[in-house]
Amino acid sequence: MICVSESFEIMIRTKSVYSTIDHERDGLRVLVTRFRGRGLPKNRYDVWMANLGPSEKLLRDFLSGQHSWADFTRRYRRELFEMGSIDKKNVTIKNHGQKFTLRLLQGLGKSMTVTLMCHCGEDQQQCHRHILKRVLRAKNLPVH
1 MICVSESFEI MIRTKSVYST IDHERDGLRV LVTRFRGRGL PKNRYDVWMA
51 NLGPSEKLLR DFLSGQHSWA DFTRRYRREL FEMGSIDKKN VTIKNHGQKF
101 TLRLLQGLGK SMTVTLMCHC GEDQQQCHRH ILKRVLRAKN LPVH
């Protein structure tokens, strides 16, 4: 009898949307920004998920120095799981923010590489794509 382990390594990578495209290593290239970017060719990414970018206000406040990186991280994670107005209309099944989108990316990451991308430079460590990667690598997605 062959036993198959239930634990899978989730293959989630991050990179700048402007970095060299590597079709073999990148897998599914997901742009996770609110704005696509003026003049950005659509062949730089496979899917644009604007809903996974930080809100315009949160990003603006962070870039202007109104929030520390720790505060930005906490607020962005909270935004990912905020219940939208659609949840108020549903008694039984709630969206819990982006829970289903996040689970989809987690599932895809178990069978293929998923590369999360934004406009920040490749070496930028204070970027939401790194936070999102940690969220997706978590065993269970939190529900707030």
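Numbering follows the working numbering, with no gaps: position 141 of the sequence shown is 141. All residues carry an ideal CB built from backbone N, CA and C; glycine is no exception.
Here Val47 is exposed. Its C-beta has fewer than 16 other C-beta atoms within 10 Å.
Taking Asp61 as the centre and dropping the five residues before and after it, the same chain places the C-beta of His67 closer than 6 Å to its C-beta, in chain order. Relative to the Cα of Thr73, the nearest Cα in the group Cys127, Lys57 and Met11 belongs to Cys127.
For Ile131, no beta strand (DSSP E) run applies; the uninterrupted alpha helix (DSSP H) run containing it begins and ends at His128 to Arg137, by DSSP.
When C-alpha distances from Thr20 are compared across Arg137, Ala50, Glu122 and Lys139, the shortest belongs to Glu122. Counting every other CB atom within 10 Å of its CB across the protein chains shown gives Pro54 a total of 16 or more, marking it as buried.
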